[in-house]
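Protein chains in written order, with the numbering used here: chain A, 425 to 687; chain B, 425 to 687.
C-beta: ideal position from N, C-alpha, C; glycine also.
Every value quoted in this text rests on a predicted model; they were computed, and no experiment measured them.
Number of protein chains: 2
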Amino acid sequence: MVSSESLTILKIGGSVITDKRADDGVVRVNEIRRIAQEISGFKGKLMIVHGAGSFGHPQAKKFSLNEEFNATGSIITHLSVKELCSMVVDILNANGICAVGVHPMCCMLADNGRIQTMFLDQIHCMLEKDIVPVLHGDVVMDHSLGTSVISGDQIVPYLAKRLKASLLGIGSATAGVLDDNGSTIPIITPTNFENVKEYIKGSENTDVTGGMLGKVQEMLDLSASTHLTSYIFDAGQPGNIEHFLKGEKIGTAITHEQYECRS
Amino acid sequence: MVSSESLTILKIGGSVITDKRADDGVVRVNEIRRIAQEISGFKGKLMIVHGAGSFGHPQAKKFSLNEEFNATGSIITHLSVKELCSMVVDILNANGICAVGVHPMCCMLADNGRIQTMFLDQIHCMLEKDIVPVLHGDVVMDHSLGTSVISGDQIVPYLAKRLKASLLGIGSATAGVLDDNGSTIPIITPTNFENVKEYIKGSENTDVTGGMLGKVQEMLDLSASTHLTSYIFDAGQPGNIEHFLKGEKIGTAITHEQYECRS
Numbered sequence: 425m426v427s428s429e430s431l432t433i434l435k436i437g438g439s440v441i442t443d444k445r446a447d448d449g450v451v452r453v454n455e456i457r458r459i460a461q462e463i464s465g466f467k468g469k470l471m472i473v474h475g476a477g478s479f480g481h482p483q484a485k486k487f488s489l490n491e492e493f494n495a496t497g498s499i500i501t502h503l504s505v506k507e508l509c510s511m512v513v514d515i516l517n518a519n520g521i522c523a524v525g526v527h528p529m530c531c532m533l534a535d536n537g538r539i540q541t542m543f544l545d546q547i548h549c550m551l552e553k554d555i556v557p558v559l560h561g562d563v564v565m566d567h568s569l570g571t572s573v574i575s576g577d578q579i580v581p582y583l584a585k586r587l588k589a590s591l592l593g594i595g596s597a598t599a600g601v602l603d604d605n606g607s608t609i610p611i612i613t614p615t616n617f618e619n620v621k622e623y624i625k626g627s628e629n630t631d632v633t634g635g636m637l638g639k640v641q642e643m644l645d646l647s648a649s650t651h652l653t654s655y656i657f658d659a660g661q662p663g664n665i666e667h668f669l670k671g672e673k674i675g676t677a678i679t680h681e682q683y684e685c686r687s
Numbered sequence: 425m426v427s428s429e430s431l432t433i434l435k436i437g438g439s440v441i442t443d444k445r446a447d448d449g450v451v452r453v454n455e456i457r458r459i460a461q462e463i464s465g466f467k468g469k470l471m472i473v474h475g476a477g478s479f480g481h482p483q484a485k486k487f488s489l490n491e492e493f494n495a496t497g498s499i500i501t502h503l504s505v506k507e508l509c510s511m512v513v514d515i516l517n518a519n520g521i522c523a524v525g526v527h528p529m530c531c532m533l534a535d536n537g538r539i540q541t542m543f544l545d546q547i548h549c550m551l552e553k554d555i556v557p558v559l560h561g562d563v564v565m566d567h568s569l570g571t572s573v574i575s576g577d578q579i580v581p582y583l584a585k586r587l588k589a590s591l592l593g594i595g596s597a598t599a600g601v602l603d604d605n606g607s608t609i610p611i612i613t614p615t616n617f618e619n620v621k622e623y624i625k626g627s628e629n630t631d632v633t634g635g636m637l638g639k640v641q642e643m644l645d646l647s648a649s650t651h652l653t654s655y656i657f658d659a660g661q662p663g664n665i666e667h668f669l670k671g672e673k674i675g676t677a678i679t680h681e682q683y684e685c686r687s
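See below:
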């Protein structure tokens, strides 16, 4: 059980809360409702980061945001993911969770596609007051590129490190990281990462942000500098988010070798 | 005429773009369209700050946000002004202005009702890329109070000072600051402020943020530390915003004595 003062970060994949195959934003309202209900019993400090799915990704691709600066395309993409965030926040609040959207476009500066600085004072204060900040993959201003797409998978480790999170969950659309037989790999460390890499395929559909390989790499980088273990699990499976929030082992754990030796 | 490198800040009063007498948010879409058209010809660096009007103010009053911390009430109030901002941003973009909403809740921390810190890196980058940041009066996290209502009138001088704005316009619902005969007072300085005070009445309707007196006081405080002159003018009068953006004298100028002597 997590203490009331420790911080849990929950990433909810875009493919869980939207139909990622859709050309334009198709939200899975019932899934967001179910997730909100699973979260509503949690009493600790919580922060949520959700992916964009079919909100944002198609627009980012259409306007080639990863190739060149396009102000109009950046704004259209940002507005799309912001719309999804509003729906998530509304449903969380309707389920008794005091949640506020914190849009990366408003509080972040990137440089060459990586987060350079992020304002965190308001987030510290929200967590202190038991308000759940809801962030998301977004288009943000970029010092060298004009704008860049910053994925939820990049935001999560950035926040986990700076806010000293104690528990990190990556709720995706699969049962963790799968091997060739479709079985969940229980643990990934720098030692087995090279072997595991071959199993890791990019996400099936449009994803300008790197897919599963990107997720695992970010989590490994994180655990190299902290002793935090992350879990990648199937958030589409009812009950899993609740299990994760209770501190149960679930899906694939990603951790640094040093940590593995100690446990 | 303002050079393309100098910064203009335009405040648009909540009573201009909403029906401030309404109990719940009633937006004046045609007024926002007209304003967007007037702005669309402007080629310089521009930042917009709009008031909340009948979005936000009734909620802030209902939940007594100026008296005690209320997480749910803060969120409901914030969502209301955010909705107004979205409408403003959408209409600006539809009129060819690359505009992005920058919500104070996402990038500001207050202390005891005053702005303590605000993230500005993203705003600098937006201005550099000719994107118009659109801010607004908002509920923000407050270090000592939990949350507090930060008016657009407090945000404007804060930004004008830190971003070194060269032109500042307060587009309100009256023809500047009026004397007892209903005539516009052409200039307010610290010297005549005490006399002028008696003419300055609070805004007619619900306003938790201080009304006209608060506006003038903030502008005077600002001009004490800079040589920037602000103009308060009637933004409900077609053409006035365009005149202001062209650098024409309009409404009431608010300036520091030192500046007046030099001109």
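Query - C-beta atoms of B/R452 and B/T442 nearer than 8 Å - result: Note that the C-beta distance between B/R452 and B/T442 is below 8 Å.
Query raised in the report: Nearest to A/C509 by alpha carbon, out of A/G438, A/T615, A/T432, A/N616?
Result: Here the closest residue by C-alpha is A/G438.
Requested in this report: Closer than 7 Å, Cβ to Cβ, to anything on chain B: give me those residues from the segment 515-533 of chain A, in chain order.
Outcome: Those would be N517, C522, V524, V526, H527, M529, C530, C531, M532, L533, in chain order.
Query raised in the report: From this set, B/G525, B/A648, B/A599, B/S647, which residue's C-alpha is nearest B/I400's C-alpha?
Result: Since the first residue of chain B shown is 425 and the last is 687, residue 400 of chain B is not available in this structure.
Query - Secondary structure, beta strand (DSSP E): runs of 3+ residues fully inside the segment 456-513 of chain B - result: Counting whole runs of 3 or more residues, the segment 456-513 of chain B contains the beta strand (DSSP E) stretches 469-474.
Query raised in the report: Got a sec, what are the start and stop residues for the beta strand (DSSP E) B/R586 sits in?
Result: No beta strand (DSSP E) contains B/R586, which is instead part of the alpha helix (DSSP H) from 576-586.
Query raised in the report: Taking Cβ positions only, does A/F543 come closer than 8 Å to chain B?
Result: Judged by the 8 Å Cβ criterion, A/F543 is in contact with chain B.
Query raised in the report: Terminal residues of the continuous beta strand (DSSP E) containing A/L370?
Result: Examination of residue 370 of chain A is not possible in this model, given that chain A is present from 425 through 687 alone.
Query - Coil, strand or helix - B/P557 by DSSP - result: In the displayed model, B/P557 falls within a strand according to three-state DSSP.
Query raised in the report: Identify the residues that DSSP records as bridge partners of B/M532: which are they?
Result: Bridge partners of B/M532: B/M542.
Report task. Report the residues of the segment 483-499 of chain B with a CB closer than 7 Å to any CB of chain A, ordered along the chain. Result -> Cβ contacts with chain A come from A495, T496, I499.
Query raised in the report: DSSP state of B/V632, grouped into three classes?
Result: Unreliable positioning characterises B/V632 in this predicted model, as indicated by a pLDDT of 47, which lies under 50. A coordinate reading is not provided.
Requested in this report: Starting from the Cα of B/T615, find the closest Cα among B/I678, B/F543, B/G465 and give me that residue.
Outcome: That would be B/I678, whose Cα lies nearest to the Cα of B/T615.
Requested in this report: Specify whether the segment 558-570 of chain A and the segment 527-537 of chain A touch according to this definition: at least 3 beta carbon pairs, one from each stretch, less than 8 Å apart.
Outcome: The answer is yes - the segment 527-537 of chain A touches the segment 558-570 of chain A, with three or more Cβ pairs under 8 Å.
Query raised in the report: Based on Cα-Cα distance, which residue from B/R586, B/V440, B/P662, B/H667 lies nearest to B/S596?
Result: The candidate whose alpha carbon is nearest that of B/S596 is B/V440.
Query raised in the report: To which residues of the same chain is A/S430 closer than 6 Å at the C-beta, ignoring the five residues directly before and after it?
Result: Closer than 6 Å at Cβ, skipping near neighbours: S590.
Query raised in the report: In terms of residues, what are the limits of the beta strand (DSSP E) holding B/L592?
Result: 591-596 is the extent of the beta strand (DSSP E) around B/L592.
Query raised in the report: Exposed or buried, A/D447, counting other C-beta atoms within 10 Å across all chains shown (16 or more means buried)?
Result: Burial call: exposed.
Query raised in the report: Taking the DSSP output, what are the residues bridged to B/L652?
Result: Among the bridge pairs identified by DSSP, B/L652 is matched with none.
Requested in this report: Using a Cβ cut-off of 8 Å, pull out every chain B residue sitting near A/M550, in sequence order please.
Outcome: Simply M565.
Query raised in the report: Residues of chain B with CB under 7 Å from A/I555, in chain order?
Result: In chain order: A495.
Query raised in the report: With distances taken between CB atoms, is the gap from A/K435 to A/V580 smaller than 8 Å?
Result: Taking C-beta atoms as the reference points, A/K435 and A/V580 count as a pair closer than 8 Å.
Report task. Please decide whether A/G570 counts as near chain B, where near means a Cβ-Cβ distance under 8 Å. Result -> Yes, A/G570 counts as interfacial toward chain B.
Requested in this report: Within its chain, find whatever has a CB closer than 6 Å to the CB of B/V473; leave out the 5 residues flanking it on each side and keep chain order.
Outcome: The answer, listed in chain order, is K435, L559, G576, I579, V580.
Query raised in the report: Are B/T432 and B/K469 close, meaning C-beta to C-beta below 8 Å?
Result: Contact check for B/T432 against B/K469 passes: the beta carbons are separated by less than 8 Å.
Query raised in the report: What are the partner residues of B/T571, as DSSP defines its beta bridges?
Result: DSSP lists B/M565 as partners of B/T571.
Requested in this report: Look at the alpha carbon of A/F668 and the alpha carbon of A/I574, and state the distance between them as a whole number of angstroms.
Outcome: Using only the alpha carbons, I get a separation of about 25 Å.
Query raised in the report: Does DSSP classify B/I678 as helix, strand or coil?
Result: It is a strand residue.
Query raised in the report: Count the other CB atoms within 10 Å of the CB of B/K588; is the residue buried (16 or more) or exposed (fewer)?
Result: Counting Cβ neighbours within 10 Å, B/K588 comes out exposed, since fewer than 16 surround it.
Report task. Examine chain B for any beta-carbon lying closer than 8 Å to the beta-carbon of A/H502, and answer yes or no. Result -> Judged by the 8 Å Cβ criterion, A/H502 is in contact with chain B.
Query raised in the report: How about B/N519 and A/I499: do their beta carbons lie closer than 8 Å?
Result: Contact: no.
Query - chain B contact residues for A/Q661, given Cβ-Cβ distances below 9 Å - result: Those within 9 Å of A/Q661 in chain B number zero; the least Cβ separation is about 30 Å.
Query raised in the report: Could you give the residue range of the alpha helix (DSSP H) that holds A/Q620?
Result: One point to set straight first is that residue 620 of chain A is Val, not Gln, in the sequence displayed. Residues 614-621.
**Report entry** Cβ shell of B/I656 (< 7 Å), same chain only, five flanking positions each side left out
**Finding:** Contacts found: I594, S596, G600, V601, K639, G675, T676, I678.
Query raised in the report: Are any of the Cβ atoms in chain A nearer than 8 Å to that of B/Q461?
Result: No, B/Q461 lies away from the interface with chain A (no Cβ there is under 8 Å from its Cβ).
Requested in this report: Would you mind telling me which residues of chain B sit closer than 8 Å to A/G546, beta carbon to beta carbon, in chain order?
Outcome: Position check: residue 546 of chain A holds Gln in this sequence, whereas Gly was assumed. In chain order: M529, C530, C531, M532, L533, V564, M565.
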